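So the protein lines, in turn, are chains A and B. If you read the first sequence in my numbering, its first letter stands for residue 139, the second for the next number, and so on. If you read the second sequence in my numbering, its first letter stands for residue 969, the second for the next number, and so on.
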Amino acid sequence: MITVVVFTLNSFAQESNEKRHNFGIGISSSLSSSTNKFLKHISGDGVVYE
Amino acid sequence: MDKNFDFNLSFLYEFNLNNRITFGVAPTYRESRAEINYLYDLSTYGETTETIYDIEIPLFVDYKFPIMRGNKLFVGAGFSGLFNIKTDSQEIATKNTFSPYLLFRLGFDVVGNHRVQFLMQYRYNLSANTYYDGIDYDSFPIIQKEYFKVNTFDVGFNFFF
């Protein structure tokens, strides 16, 4: 029993000290988006409307 | 502008410093359908639906809570740059622009033969420098510039090899 406990703790310790490089692929979608905007209108003769 | 569909595909690289702290980068291709209001003339608005293409480079740090072995809740934060890819249509032209984002992440790891990660991510747009031009082809020429801030809440899955 004691051996099992020590083995388990040792496994946690090894896991926490391990440095690893991982590669993967991710997919996601935006559930919501919020938008605000600033408008500027420039007419053909260069007049700026804000 | 209202986004009504958004699909994102990422390539993931993670460096696990230890069991709790992870650094990562996830180059992402983002494709959005957006309804854009544009000025037809000085008093009339039109509306068009456009597909917008972006490339995003997020950098992040995650902290994992070792609640149980293998399955780990994590929180994280990051910074990303969004690069809009220029597109043209009859009414709207999107520009090559750069937008900085802050990222707030929350997720859960399930470790089997391969690790699968459920990720929720809020993206906060720091500055409104993504913009679109409305183009009027009538005799009254108007160049319209719209500067947007777009914040999103993304949900998805990451699959590790």
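Ideal Cβ positions, reconstructed from N, Cα and C, are used throughout, including at glycine. Here the structure is a predicted model, which is why all the values come from computation and not from measurement.
In terms of residue numbering, what span does the beta strand (DSSP E) encompassing residue i cover?
i, result
"Ala1045 (chain B)", "Lys1040 to Ile1053"
"Arg1091 (chain B)", "Arg1083 to Asn1093"
"Arg1073 (chain B)", "Phe1066 to Val1079"
"Ile989 (chain B)", "Ile989 to Val993"
In three-state DSSP terms, what is residue i?
i, result
"Glu1003 (chain B)", "strand"
"Ser1107 (chain B)", "For Ser1107 (chain B), the predicted structure reports a pLDDT of 45, less than 50, and the residue's modelled location is therefore unreliable. The matter cannot be settled from this model."
"Phe161 (chain A)", "strand"
"Leu985 (chain B)", "coil"
"Pro1026 (chain B)", "strand"
"Asn1119 (chain B)", "strand"
"Glu1018 (chain B)", "strand"
"Asn1126 (chain B)", "strand"
Report yes or no: is there a C-beta of chain A within less than 8 Å of the C-beta of residue i?
i, result
"Ser978 (chain B)", "yes"
"Gly1080 (chain B)", "no"
"Gly1124 (chain B)", "yes"
"Ala1045 (chain B)", "no"
"Tyr981 (chain B)", "yes"
"Tyr1115 (chain B)", "yes"
"Phe1128 (chain B)", "yes"
"Val1118 (chain B)", "yes"
"Leu1087 (chain B)", "yes"
"Leu953 (chain B)", "With chain B running from 969 to 1129 in the structure shown, residue 953 (chain B) is simply not present."
"Leu985 (chain B)", "yes"
"Phe1121 (chain B)", "yes"
Does the beta carbon of residue i come closer than 8 Å to any beta carbon on chain B?
i, result
"His159 (chain A)", "yes"
"Ser168 (chain A)", "yes"
Below 8 Å on the Cβ atoms is my contact criterion, and I expect residue i with residue j to pass it. Report the Cβ-Cβ distance as a whole number of Å.
i, j, result
"Pro995 (chain B)", "Ile1025 (chain B)", "6 Å"
"Ser1048 (chain B)", "Leu1027 (chain B)", "7 Å"
"Asn1119 (chain B)", "Arg1091 (chain B)", "6 Å"
"Ser166 (chain A)", "Gly1124 (chain B)", "2 Å"
Kindly list, in the order they appear in chain D, the residues whose Cβ is closer than 7 Å to that of residue i.
i, result
"Phe975 (chain B)", "No chain D appears in the structure shown, which is made up of the protein chains A and B."
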